[in-house]
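Notes follow once the structure below has been shown.
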Amino acid sequence: MDLLNTWYLTRAAGITSYVLLSLSVMSGLYGLVRKKHGQSPGIYPLLHTALANWAMYIAMFHVAILFFDQYTNFTWKDILVPFATTYKTIPMAIGIIGFYLLIATILTTEMRNKIGVKIWRKLHMLSPIVYIMVTLHGLWIGTDSKTTGSFGMYVISIFGVLLLLFLRFKRSRQQVLKYPRGTMN
Numbered sequence: 205m206d207l208l209n210t211w212y213l214t215r216a217a218g219i220t221s222y223v224l225l226s227l228s229v230m231s232g233l234y235g236l237v238r239k240k241h242g243q244s245p246g247i248y249p250l251l252h253t254a255l256a257n258w259a260m261y262i263a264m265f266h267v268a269i270l271f272f273d274q275y276t277n278f279t280w281k282d283i284l285v286p287f288a289t290t291y292k293t294i295p296m297a298i299g300i301i302g303f304y305l306l307i308a309t310i311l312t313t314e315m316r317n318k319i320g321v322k323i324w325r326k327l328h329m330l331s332p333i334v335y336i337m338v339t340l341h342g343l344w345i346g347t348d349s350k351t352t353g354s355f356g357m358y359v360i361s362i363f364g365v366l367l368l369l370f371l372r373f374k375r376s377r378q379q380v381l382k383y384p385r386g387t388m389n
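Everything in the sequence shown is counted per our numbering, starting at 205 for the first residue and increasing by one.
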């Protein structure tokens with residue numbers, strides 16, 4: 205496989221996977237914000253799951269295509285074992301661990317009826333770690349991360365996630381009136 209094509213494919217798959225993961229996180233959070241305000245979460249939980257699944261599929265492609273990269277000459281160990289590569293060891297390890305946590309999050313979601321919703325919810329709390337790790341991986345190792353477009357993509361993603369987290373955990377006016385400062389659990 206041609207070096208240039210491999211590089212483009214790897215970059216395109218990584219960026220696409222990141223965008224899908226970001227949209228998955230945002231749609232999941234938006235569904236929770238709607239639910240918090242007494243609205244139906246609508247299609248957002250389904251969208252959240254579908255986007256996460258596609259992010260994982262494209263991330264798998266991103267990982268697989270790295271094996272064919274003639275510039276770095278990765279081995280399967282370099283690609284699949286954290287800290288095994290000598291090529292940008294830390295950001296590669298962060299990406300590998302984030303990839304495994306993404307797979308674990310999706311698998312436990314698929315098995316939530318078997319493992320129980322209570323256990324699944326606790327495991328699903330690892331999702332923010334996945335998002336943070338994948339963001340760090342992309343910013344640190346991405347060859348385009350310093351370009352205006354790519355950096356803008358990260359800023360928009362991070363801002364969107366932080367805004368939705370704020371809305372998700374913000375105390376409503378009714379909560380403030382019912383539970384004065386320091387009395388709510």
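All C-beta atoms in this analysis are idealised placements derived from N, C-alpha and C, irrespective of residue type, glycine included.
Asked, Found
"Completely contained beta strand (DSSP E) runs for the region 248-277, where each covers 3 or more residues", "none"
"For H241, three-class secondary structure by DSSP", "coil"
"F287 classed as buried or exposed, judged by whether at least 16 other C-beta atoms fall within 10 angstroms", "exposed"
"Start and end residues, alpha helix (DSSP H) containing K281", "W280 to L284"
"Whether S228 touches L255 by CB criterion (8 Å)", "yes"
"CB contact flag (L305, I333, <8 Å)", "yes"
"Where the alpha helix (DSSP H) through T339 begins and ends", "S331 to I345"
"Cβ neighbour criterion (16 or more within 10 Å) applied to A268", "exposed"
"Between the CA atoms of S244 and R375 - distance to the nearest angstrom", "19 Å"
"Residue-chain proximity (T214, chain D), Cβ-Cβ < 8 Å", "As a matter of chain content, chain D is missing from the structure shown, which is built from one protein chain."
"T290 - DSSP class collapsed to helix/strand/coil", "coil"
"Nearest neighbour of Y212, chosen from V223, M315, G346 and I294 [CA to CA]", "G346"
"Close Cβ partners of K326 (< 7 Å) along its chain, the five nearest in sequence each way excluded", "none"
"Enclosing alpha helix (DSSP H) for T352 [first to last residue]", "T352 to F373"
"Three-way DSSP call (helix, strand, coil) for S231 in this model", "helix"
"CB-CB length for A217 against H266, believed under 8 Å", "4 Å"
"Y275 to K318 span [Cα, whole Å]", "44 Å"
"Cβ pair I310, M230 closer than 8 Å", "no"
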